[in-house]
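Engineer: If you read the sequences in order, they're chains L and D. Quick note: the first sequence uses our numbering, first residue 9, plus one each step. Quick note: the second sequence uses our numbering, first residue 189, plus one each step. Even for Gly, the Cβ is constructed at its ideal location relative to N, Cα and C. Quick one: the structure is below, questions incoming.
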Amino acid sequence: MVDLTQLHDAILRGDAKKAVAVTREALAENASPTELVSKHMIPAMDEVGRRFECQEYFVPELLLSARAMKGALELIRPLLVEQGVASAGRVIIGTVKGDLHDIGKNLVASMLEGAGFEVIDLGTDVAPGKIVTEILERKPNIVALSALLTTTMPFMKSTIEELRKAGVREQVKVMVGGAPVTQQYAEQIGADGYSDNANGAVAIARKLVSG
Amino acid sequence: MQLKLISCEIFYRELCAAVSRSRNTVDIEFLPKGLHDIGCASMLARLQEVVDRVEEGKYEAVLLGYGLCNNGIVGLTARATPIVIPRAHDCITLFLGSRQRYFDYFNSHPGVFFKTTGWIERGDSRGELRQLSIQRRIGLDSSFEELVEKYGEDNARYLWDEMCDLGRNYRQLTFIEMGVEPDDRFERQTREEAASRGWDFERVKGDPSMIQRFVDGCWDEREFLIVRPGARVAPTYEDDIITLDQL
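Take a look at the structure:
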């Protein structure tokens, strides 16, 4: 039997090859996909998050751990779908109109995937109308918006207004983030959640889907 | 009028030219470019320290040559002398002459990065500010070699693509010609950089009139915020960009 602490450690160390290899071996030995995720992988990502909060880990470590997690999840996800296991929630994420910056957005997307969310990444420079269309088609629980510039932040507000006009605002929770964005601004534009870092974004997303 | 001008060195040539033509007597103090990268609390602390050193009663106003600049002026407080601040997200409004022109250009050119003389010849990328920058602190400005050393070849390649490759975030360099250039060296350099990155290049004529109004004391409140003694700067994230936060 493969030692599953190796899966936990590979994700914690950001070793994607090892994480994938151990997962493959475990699945071949008929390990339970849900147990792999809930007992080994998500706890590893939670530990990554904790280390980030304590400043033992920084952005590169987050990215590498999320990549290892993603690699392992790709093997497991089809099995979860087969078994009808629900994700932690569905998130539509994108950088707002006019803004092509995506490092923070990608990091949040990876961390959310690592926490078991289904993430639909709309990329950058996403017009408010596109988000409305995606909400209608994909029925997400959460819309996550990113902006790096104070010049593009106002598009967060106009996106929320567009959701309201289209009558879909109440169907989703909206969370916002990005270097210049603040809790105060999030409240000012009527967003439901804000975090100043990718790990915090996971906690907010969990709270939004459970509340 | 006797004025004190505290400004980012990004405006070095433009402000010197404007001050030389002004009827006002303007004492200039330039601060290093790159404060916008050290985090808003650190930038504010540095600006406030310089503002607080201004001799009381000597000047009619302190001119602050900054935009909102990543929220780096949020919380700045006027002491005995009023502070005049352009209503601008960043320096590009002042180079293009109005925030409406900046807004229109920015929205019709997603992924544009601007260059001027100051953007090219100012700022020390290896100096103290680089070490303090957020990019440095979270590892975004690492070299590929640094990443390989720390994380190994395969991980380094992934991190480089994810964090350090600007190609996804920008697709055009625009050189703003302000009329303070000695020859075409700055434009040429921008054109070459755009070509080497495979980005589009455009040259546009700048408009120094807002900078001139700034140093001449033509402070229309739609264009400039006047921070009275005791008041403090707050962002609006609306068209007027900044406002007063009463103490």
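1. Given a limit of 9 Å on CB to CB distance, which residues of the region 300-329 of chain D reach chain L?
2. Counting beta carbon pairs with one atom in the region 326-341 of chain D and one in the region 400-416 of chain D, are three or more of them shorter than 8 Å?
3. With a threshold of 8 Å on Cβ separation, who are the neighbours of Ala-34(L) within its own chain once the five nearest residues in sequence on each side are excluded?
4. Which chain D residues sit within Cβ distance under 8 Å of Val-67(L)?
5. So Met-161(L) contacts chain D; which residues on that side make the cut at Cβ distance below 8 Å?
6. Going by CA-CA distance only, name the one from Val-93(L), Asp-23(L), Glu-126(L) that's closest to Ser-40(L).
7. If you drop the 5 nearest sequence neighbours on each side, which residues of the same chain put their C-beta closer than 7 Å to that of Ser-73(L)?
8. Since Gln-323(D) is in the alpha helix (DSSP H), which residue starts that stretch and which ends it?
9. Going by the beta-carbon positions, is the gap between Val-99(L) and Val-127(L) smaller than 7 Å?
10. Cα-Cα, which of Ser-195(D), Ala-344(D), Arg-201(D) is closest to Glu-365(D)?
11. By Cβ distance below 6 Å, which residues in the same chain neighbour Ser-210(D) in space, the five residues on each side in sequence not counted?
12. Can you give me the C-alpha to C-alpha distance between Ile-308(D) and Phe-218(D), rounded to a whole angstrom?
13. Residues in its own chain within less than 8 Å of Ala-191(D) by CB, not counting five upstream and five downstream?
14. So with Cβ pairs under 7 Å, would you call Gly-124(L) a contact of chain D?
15. Along the beta strand (DSSP E) that carries Lys-303(D), what are the first and last residues, could you check?
16. For Cys-196(D), list the residues DSSP reports as bridge partners.
17. Are the C-beta of Phe-294(D) and some C-beta of chain A separated by less than 7 Å?
18. Over the uninterrupted beta strand (DSSP E) stretch that includes Lys-393(D), give me the two end residues.
19. Are the Cβ atoms of Arg-416(D) and Asp-433(D) separated by less than 7 Å?
20. Leu-256(D) versus chain L: which residues are under 7 Å apart at the beta carbon?
21. Please go through the same chain and pick out, in chain order, the residues whose beta-carbon is closer than 8 Å to the beta-carbon of Pro-187(L), but skip the five residues on each side of it.
22. When the Cβ atoms of the region 117-127 of chain L are set against those of the region 201-211 of chain L, are three or more pairs found closer than 8 Å?
23. Do Val-262(D) and Pro-423(D) come within 7 Å of each other at the CB atom, strictly closer than that value?
24. Taking 7 Å as the CB-CB limit, is Tyr-193(L) close to chain D?
25. So with CB distances below 7 Å, who are the chain D contacts of Arg-58(L)?
26. Which term fits Asn-38(L), buried or exposed, when burial requires 16 or more other beta carbons within 10 angstroms of its beta carbon?
27. In its own chain, which residues sit with a C-beta less than 8 Å from the C-beta of Thr-42(L), not counting the 5 before and 5 after it?
28. Whose CA, out of Thr-160(L), Lys-25(L), Leu-83(L), Asp-17(L), lies closest to the CA of Pro-51(L)?
29. Any beta-carbon of chain D closer than 7 Å to the one on His-109(L)?
30. Step through the CB atoms of chain L and report whether any lies within less than 7 Å of the CB of Leu-347(D).
31. In chain order, what residues of the region 265-298 of chain D put their CB closer than 7 Å to some CB of chain L?
32. Between which two residues does the alpha helix (DSSP H) harbouring Gln-91(L) extend?
33. Using a Cβ cut-off of 9 Å, pull out every chain D residue sitting near Leu-72(L), in sequence order please.
34. For the beta strand (DSSP E) that Asp-129(L) lies in, which residues bound it at each end?
35. Can you find the residues in the same chain that come closer than 7 Å, C-beta to C-beta, to Ala-174(L), ignoring five residues on each side of it along the sequence?
36. Examine the Cβ distances between the region 291-303 of chain D and the region 349-363 of chain D and report whether three or more of them are shorter than 8 Å.
Structural biologist: Based on what the coordinates show:
1. Ile-322, Arg-325, Ile-326, Gly-327, Leu-328
2. Because the criterion of three Cβ pairs below 8 Å is not met, the region 400-416 of chain D and the region 326-341 of chain D do not touch.
3. Val-10, Leu-12, Leu-15, Leu-44
4. Ile-326, Gly-327, Leu-328, Met-351
5. Tyr-425
6. Val-93(L)
7. A distance below 7 Å between beta-carbons, with the five flanking residues on each side excluded, links Ser-73(L) to the following residues of its chain, in chain order: Ile-19, Leu-20, Gly-22, Met-53, Val-56.
8. 322-325
9. yes
10. Arg-201(D)
11. The beta carbon of Ser-210(D) sits closer than 6 Å to the beta carbons of Val-403, Asp-404 from its chain, once the five residues preceding and following it are set aside; these are given in chain order.
12. Each residue's CA atom was taken as its position, placing Ile-308(D) and Phe-218(D) some 16 Å apart.
13. For the sequence presented, residue 191(D) should be read as Leu rather than Ala. Same-chain partners within the cutoff: Asn-212, Thr-213, Val-214, Asp-215, Tyr-247, Glu-248, Ala-249, Val-250, Leu-251, Val-403, Gly-405.
14. no
15. First-last of the beta strand (DSSP E) with Lys-303(D): 300-303.
16. Looking at the DSSP assignment, Cys-196(D) forms a beta bridge with Leu-219(D).
17. Considering every chain present, this structure includes no chain A. Its protein chains are L and D.
18. Counting along the chain, Lys-393(D) sits inside the beta strand (DSSP E) bounded by residues 388-393.
19. It is not a contact, given that the beta carbons lie outside the stated cut-off.
20. Thr-158
21. Going by the sequence as given, residue 187(L) is Ala instead of Pro. Counting only Cβ-Cβ distances below 8 Å, and skipping sequence neighbours, we find Gly-112, Leu-156.
22. yes
23. yes
24. Closer than 7 Å to some Cβ of chain D, the Cβ of Tyr-193(L) qualifies, so yes.
25. Going along chain D, no residue has its Cβ under 7 Å from Arg-58(L), so there is no contact; the nearest lies around 18 Å.
26. exposed
27. Here the set comprises Leu-88, Gln-91, Val-93.
28. Asp-17(L)
29. yes
30. yes
31. His-277, Phe-294, Asn-295, Pro-298
32. Counted as a single uninterrupted DSSP element, the stretch harbouring Gln-91(L) is not any alpha helix (DSSP H), since DSSP gives it neither H nor E.
33. Tyr-339, Asn-343, Tyr-346, Leu-347
34. 126-129
35. Val-140
36. The region 291-303 of chain D, when compared against the region 349-363 of chain D, does touch it at the 8 Å Cβ threshold.
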